[in-house]
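Those letters in the sequence shown? Residues 671 to 808, by this note's numbering.
C-beta: ideal position from N, C-alpha, C; glycine also.
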Amino acid sequence: MNTNLADIFEAQNETERCDALCRLYRGIFSKDIAIEEIFARDYVQITDGKRSHFKAFCEHIERVLSQVQSLQIDVCDVCQQGDLIADRHRVTVVYHDGRHAVIEVFAFMRCAEGRLCSLVENTRVIQGDAADQSLASC
671 MNTNLADIFE
681 AQNETERCDA
691 LCRLYRGIFS
701 KDIAIEEIFA
711 RDYVQITDGK
721 RSHFKAFCEH
731 IERVLSQVQS
741 LQIDVCDVCQ
751 QGDLIADRHR
761 VTVVYHDGRH
771 AVIEVFAFMR
781 CAEGRLCSLV
791 ENTRVIQGDA
801 ADQSLASC
């Protein structure tokens, strides 16, 4: 299993799981962690009812990074059982024009063979404009 994912599964309590998942999310968006190391090539994601695959997810990461000046991810809650991970996290973004938005994400992930193979998430803007919702979609 990938070391970053293993940290989540090996965590002894929710605080450790939150910290491990936060490091994983931040590593993906900072590009300190290669997406190919974490996600299965047949990865499927459903965000707010919209289905996408590995390539679209990679493009989504690039699109988000091109649209924001900074991005902060804070994991609030994590539950893990077997190969399943569920979490609630908040993404705070600062756009290039200085606007801010906070998006809350409820994510349900399935792992297989040491990689994330699927994710279903629902998002909502808790601070910002309705247009900020599009930032969450692949």
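Next on the checklist: Residues in the same chain with beta-carbon distance under 6 Å from S736, minus the five sequence neighbours each way, listed in chain order, please.
Outcome noted: none
Checklist entry - Taking DSSP as the reference, what is the three-state secondary structure of R696? => result helix
Item to check | Sheet register partners of E774 (DSSP bridge) | outcome: R760 and R794
Item to check | Sequence-distant residues of the same chain with beta carbon closer than 6 Å to R758, five excluded per side | outcome: C746, D747 and F776
Next on the checklist: By the DSSP assignment, the alpha helix (DSSP H) with Q737 in it spans what residues?
Outcome noted: F724 to Q737
Item to check | DSSP-derived helix/strand/coil call for R721 | outcome: Correct three-state label for R721: strand.
Item to check | Nearest to A704 (by Cα), restricted to the options L786, S807, Q797 and S804 | outcome: Comparing alpha-carbon positions, the option among L786, S807, Q797 and S804 lying closest to A704 turns out to be L786.
Next on the checklist: Measuring straight from C-alpha to C-alpha, what distance separates C749 and V714?
Outcome noted: 20 Å
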